[in-house]
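Student:
Numbering (the numbering used here), first residue to last: 10 to 105.
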């Protein structure tokens, strides 16, 4: 289990893109919180230029990690549900 983040929002120019900043803050805070508050073993590969993050759990997420993930998803869905920002974010769930 895990998640991928791909690309830049392109809502505004670099440094002024509030959609990209909001998504980045939610995702990075979730990764940091899982690392700080849980014992879950994870891997994270990032590519700043493309805006790519590949985050994986080595085992099923703990209850606390699951709660943190659900909080991140809620925040991302709130951004996606906004008519102003919806064109700049797509959330896709996949079972693999």
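We treat Cβ as the ideally placed atom computed from N, Cα and C, and that holds for glycine.
1. How many angstroms separate the CA atom of residue 96 from the CA atom of residue 102?
2. What's the gap between the Cα of residue 88 and the Cα of residue 53?
3. Which one of 93, 18, 48, 42 has the shortest CA to CA distance from residue 68?
4. Go ahead and label residue 105 buried or exposed: buried means 16 or more other beta carbons lie within 10 angstroms of its beta carbon, across all protein chains shown.
5. In chain order, what residues of the same chain have a beta carbon less than 8 angstroms from the beta carbon of residue 60, not counting five sequence neighbours either side?
Tutor: Let me spell this out:
1. As a first step, residue 96 is located in the chain shown; it is residue number 87 there, counting from the start. As a first step, residue 102 is located in the chain shown; it is residue number 93 there, counting from the start. Approximately 17 angstroms between the Cα atoms of the pair.
2. Along the chain shown, one-based indexing puts residue 88 at 79. Along the chain shown, one-based indexing puts residue 53 at 44. Looking at the two C-alpha atoms, the distance is approximately 24 angstroms.
3. As a first step, residue 68 is located in the chain shown; it is residue number 59 there, counting from the start. Minimum Cα distance to residue 68 is reached at 48.
4. As a working mapping, residue 105 is identified with position 96 in the chain shown. It counts as exposed.
5. Within the chain shown, the letter at position 51 stands for residue 60. Contacts found: 14, 15, 16, 17, 29.
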